[in-house]
């Protein structure tokens, strides 16, 4: 019951006795038991598979992202199209075109000669029900190639509508347990057995290490700006070697035990191990090397995959910007995450993108939310192209690099803490709600729409008492548990054994949670869920 | 028979009546013998002046002091599958021991508890020790120092004399009162002002409380900026948005200088702040008719500002409460109406014409109640809810239902809905508990989890007050809640703080050094650690370390790519511009990873390099310590007799105990040894006795570089992140 790591005065003094040895180095000397055990099982990290995550912080409005275009609870249907209901989302709803939304066509707004770069309304996603926000048009190539899975109605039992709780649960893999201070990917890396010996297993590029990669036993790495990752030495540069040597020696000093010392010791070691590792990677892309393989707008220019300035965004043409100009630091982080995955032995890397808490003026086909979606849509597109072109076995491997992973061995996954209210509020925004959506892409992914169809095993119910109003008559009801999605990836892609998965996502070890089933079953709160989607 | 010795244990030589030293002393965990070498290992004990080894030929004694042991490194290789992890650690070793089997004991001499308390006080109630404050607290004693800091209204504030930059920034900030001023004070100046006060204030605990409540009632400068009419010039929008942050900060400062300042006082300032009304979207919320009011503020008021998450409320309470806040808006009014919440929009125009476009109006942006957007009628929040049993007396079982009944008409009376909500919530036990927990986390250690009323969460049992064996942490929270409850008026912040500083937990090893510094605390404490007044006046210009403030908090306006902002680089700590409403974390883990440590150490190294040389506003990088400068040679010349200036041991020892007070001389031995070794080594690693160097504080002289490098190494160690 009590999984809290509450270190009372007595607690940590007792703990120091148990550790016994030179206490300052307890993390280094005492390799956690779980790591030793992992060595016996192997699996994760040995099959060459990797994961790149993007966390959409603030709660993405999934209903405007992946749109149930044939749901009378959202649209006044007319023939095979319809109009946004003025009592549901009068100002923010995404208009439908006068085309057949029951068709299995996947609109192709960005591919080929007929590309309609300025696509403006809901885009048909191929299952006759779901449609995409026009700002997600760059997801279409992945859908067409069948290597992008779009998952709707994703949540967990007894959903929290607090950002901070819900982000925590998505990251620690233990819904409604605030005491678990370890992340899902952290535990996956620990189970790999490599975390204590390899210099780099999990890495993020954002302001701070996310809980997904945080834990007390071994160190994961976060860099806010990889281009200035080195130390100075005093005086600089003549005294640098002497200062570095003094610091390296000091890392071994023995201390009276303190609450945070294990954390500091492991991250100091992590720092010294990763300094050189990142030194050889060209994080700023000096030579415009990472570009698309074809023009995306018919203009003939191949866009930069990771635009970080106006001049590299949509060929430098303002009317054709692929992302809004506020996206550059995010694109820089996405690029770093991709480069590190491809050029080091890291197994998991990722970043985050904020600003999704659209209580106010979220916009419709344009505006705040549309801009945010364009960032994610382009990031998914760019990562796909990056690994296809510059990854292991890629078509355009950069001479001198030794790519370590290709598109078939990478999975890109997005997360967001919950969805937003089905009806807009009177600030022209949406408030906190329940189920949301995820995107999963990779060469080995079974693409398609999951969880957004009346013909799903747990059907999407339409109308005013349907799925859109399935919880308290105001929130989208879930049909997938996010843990089943991540669990599927960690087991079937990264290679965790069932035993390891039960430790990485504790719910898997509890049959009553039904996380691993493949046909509808009841979750802990009685809601019917579909178990694991067949995305791999 | 092998020469294996028995082990035994002695009690510490001094037993304290206070929280320090009442722990079990160290136990020898490993004793090994190899030929003439005997090795003893044991976990270090906090705050120890000396470890003494004793031995005897049989377990019953008598034990005699054994002076042969010295501290020495050993290598430990741990096989891990096909890999091996090599570590270096330290043990106590005697190499001349050929005698027969003996029994050993280790005995410790604790540092004086007043020294330990002094270090704890300077780390918790101030932004870190300074050489001068260390002298002063040892002179007046830590108890007197605590009493001073708990009564800031009776401390003469020396900050503006210590740094004239404060007055310069302050004058600029004060002139932000109206939208037409032409000076250039914007967010960076306000941030710099805040940092300079943190460095210089005599009322240190007041500054810490201001940062705490500013961060607790978090608002985002950028959101105000975006909300303002975009027909304003960019500079004007920046000024007005900065003014909103400054205005609420000034009100909190004034409130905290009242000895009876209550949590309600602070909460009300937050609720009335235009920055908050904009930040959590009340500014556009409409509840009139059947409109759905925006839930954002009501949710965070419950979850983050008062009760804490999962602590006494449900979604329906949020929805109901959100109606109470509809109509709380922001409007530009004439300055004479700045505190009239019903005032009309300003009708004084900048050009004197009848053009009433927003950008032509003269005035200030202020909280403005507009009843036509309000949801009228009765609202029942927390219907039939009673305080859960875990709170125990005097709270358990009492009803906290709140009925708002301010009429069904469109009238200014309905503003009372909002005020009644905060009056009601400010002193509920959920609020006193959550705020006490956060204050304990700030001043004691991180091991105070968030309280909850959800019985299925693990934290429930932690704060189950009627249970017989409460942890010291839960007991302290309960003591704080009682101080909150039993004083009149309720919720007095300084009474709660005194409860914490009086507690045994605060005055014990359980608190000392157990917290990680935030980037603000890290940078400010680094300046303070080397900042002494060379002539004892404490006046501007006399100090051995200095900053202009914005060299720490950033000179640009929150641009995420701005590398000239150390607080940004060390983990995106953008003062007054936090985007998420939970504020910057108080616990350590979110701040510490290889990337942020790299930035921290790099900044410390730049700060220690003489200003103007490569690495510090030289040409290697502009993203360095800039106008945050140090002169450690001048510091040692101020504090040490000239005869010690070339004595490596004396110099190393002075900086070790000044930077790490309360650690204990014996526990600092490895630091001191490393510092001495550094002083006696040239940049290329060859031997170069410190005693033969020419004393100089001139930049790039060998002596100056040697001392600066040694200080940089000391301050780059893991211990400097702890407080």
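Chains as they are written, first to last, in the working numbering: chain A, -12 to 523; chain B, 52 to 774. Glycine is no exception: its CB is placed at the ideal position from the N, C-alpha and C atoms. These numbers come from a predicted model, not from an experiment.
Close beta carbons around residue i, own chain, < 6 Å, minus the five adjacent residues each side
i, result
"residue 323 of chain B", "418"
"residue 252 of chain B", "210, 258"
"residue 348 of chain B", "331, 333, 376"
"residue 786 of chain B", "Only positions 52 to 774 of chain B appear in this structure, which leaves residue 786 of chain B out of reach."
"residue 448 of chain B", "437"
"residue 760 of chain B", "none"
"residue 145 of chain B", "89, 119, 120"
Listed by chain order, chain A residues near residue i by CB distance under 7 Å
i, result
"residue 139 of chain B", "239"
"residue 496 of chain B", "246"
"residue 664 of chain B", "222"
Per-residue contacts from residue i into chain A (C-beta, under 8 Å)
i, result
"residue 379 of chain B", "Ordered by position in chain A, no residue passes the 8 Å Cβ test against residue 379 of chain B, which lies about 13 Å from the chain."
Residue-level contact to chain B via CB, residue i, 8 Å cutoff
i, result
"residue 326 of chain A", "no"
"residue 19 of chain A", "In this prediction, residue 19 of chain A scores a pLDDT of 44, lower than 50, which makes its location untrustworthy; the coordinate-derived value is nonetheless stated afterwards. It does not; no Cβ of chain B falls within 8 Å."
"residue 356 of chain A", "no"
"residue 166 of chain A", "yes"
"residue 171 of chain A", "no"
"residue 148 of chain A", "yes"
"residue 24 of chain A", "The predicted position of residue 24 of chain A is uncertain, since its pLDDT is 47 and thus under 50; a value taken from the coordinates is nonetheless stated next. Not one chain B Cβ lies under 8 Å of residue 24 of chain A."
"residue 460 of chain A", "no"
"residue 405 of chain A", "no"
"residue 163 of chain A", "yes"
Other residues of its chain near residue i: CB distance less than 7 Å, five sequence neighbours each side excluded
i, result
"residue 310 of chain A", "294, 300, 318, 361, 362, 365"
"residue 474 of chain B", "315"
"residue 185 of chain A", "332"
Listed by chain order, chain B residues near residue i by CB distance under 7 Å
i, result
"residue 121 of chain A", "Correct list: empty, because the minimum Cβ distance to chain B is about 24 Å."
"residue 210 of chain A", "646"
"residue 179 of chain A", "What residue 179 of chain A touches in chain B: nothing, since even the nearest Cβ is about 11 Å away."
"residue 201 of chain A", "640"
"residue 40 of chain A", "Near residue 40 of chain A there are no residues of chain B at all, since even the closest Cβ is about 16 Å away, more than 7 Å."
"residue 194 of chain A", "622, 623"
"residue 412 of chain A", "343, 345"
Closer than 8 Å to chain A by CB, residue i
i, result
"residue 760 of chain B", "yes"
"residue 507 of chain B", "yes"
"residue 768 of chain B", "yes"
"residue 15 of chain B", "Residue 15 of chain B lies beyond the stretch modelled for chain B, which goes from 52 to 774, so this question has no answer here."
"residue 279 of chain B", "no"
"residue 764 of chain B", "yes"
Given residue i as reference, the closest of the options once Cα atoms are compared
i, options, result
"residue 52 of chain A", "A:95, A:510, A:140", "A:140"
"residue 464 of chain A", "A:510, A:501, A:434, A:367", "A:510"
"residue 318 of chain B", "B:336, B:310, B:299, B:335", "B:299"
"residue 95 of chain B", "B:738, B:87, B:161", "B:161"
"residue 776 of chain B", "B:371, B:420, B:438", "The structure shown does not extend to residue 776 of chain B, since chain B is modelled only from 52 through 774, so no value can be given for it."
"residue 480 of chain B", "B:353, B:399, B:388", "B:353"
"residue 718 of chain B", "B:477, B:512, B:159", "B:159"
Contacts of residue i in chain A (Cβ-Cβ under 9 Å)
i, result
"residue 722 of chain B", "237, 240"
Spatial neighbours of residue i in its chain, beta-carbon cut-off 8 Å, leaving aside the 5 residues before and after
i, result
"residue 750 of chain B", "661, 662, 663, 664"
Neighbour flag for residue i against chain D, beta carbons, 8 Å
i, result
"residue 596 of chain B", "Of the chains in the structure shown, none is chain D; the protein chains are A and B."
Under 8 Å by beta carbon: chain B residues contacting residue i
i, result
"residue 216 of chain A", "646, 649"
"residue 206 of chain A", "644, 645"
Any C-beta of chain B within less than 9 Å: which residues of the region 371 to 390 of chain A qualify?
Within the region 371 to 390 of chain A, no residue qualifies.
Scan the region 219 to 237 of chain A for residues whose Cβ lies nearer than 8 Å to a Cβ of chain B and list them as they occur along the chain.
Along the region 219 to 237 of chain A, going in chain order, the ones with a CB nearer than 8 Å to a CB of chain B are 219, 220, 221, 222, 223, 224, 225, 226, 228, 229, 230, 232, 233, 234, 236, 237.
Could you please tell me which residues of the region 251 to 273 of chain A, in chain order, have their CB closer than 7 Å to any CB of chain B?
Of all residues in the region 251 to 273 of chain A, 251, 252, 254, 255, 257, 258, 261 have a Cβ within less than 7 Å of some Cβ in chain B.
If contact means a Cβ-Cβ distance below 7 Å, which residues of the region 321 to 337 of chain B contact chain A?
Look at the region 321 to 337 of chain B: the residues with a C-beta under 7 Å from a C-beta of chain A are 332, 335, 336, 337.
In chain order, what residues of the region 334 to 350 of chain A put their CB closer than 7 Å to some CB of chain B?
Shown in chain order are the members of the region 334 to 350 of chain A whose Cβ falls below 7 Å from a Cβ of chain B: 341, 346, 347.
Against chain B: residues of the region 278 to 301 of chain A by CB proximity under 8 Å
Listed by position along the chain: nothing, the set is empty.
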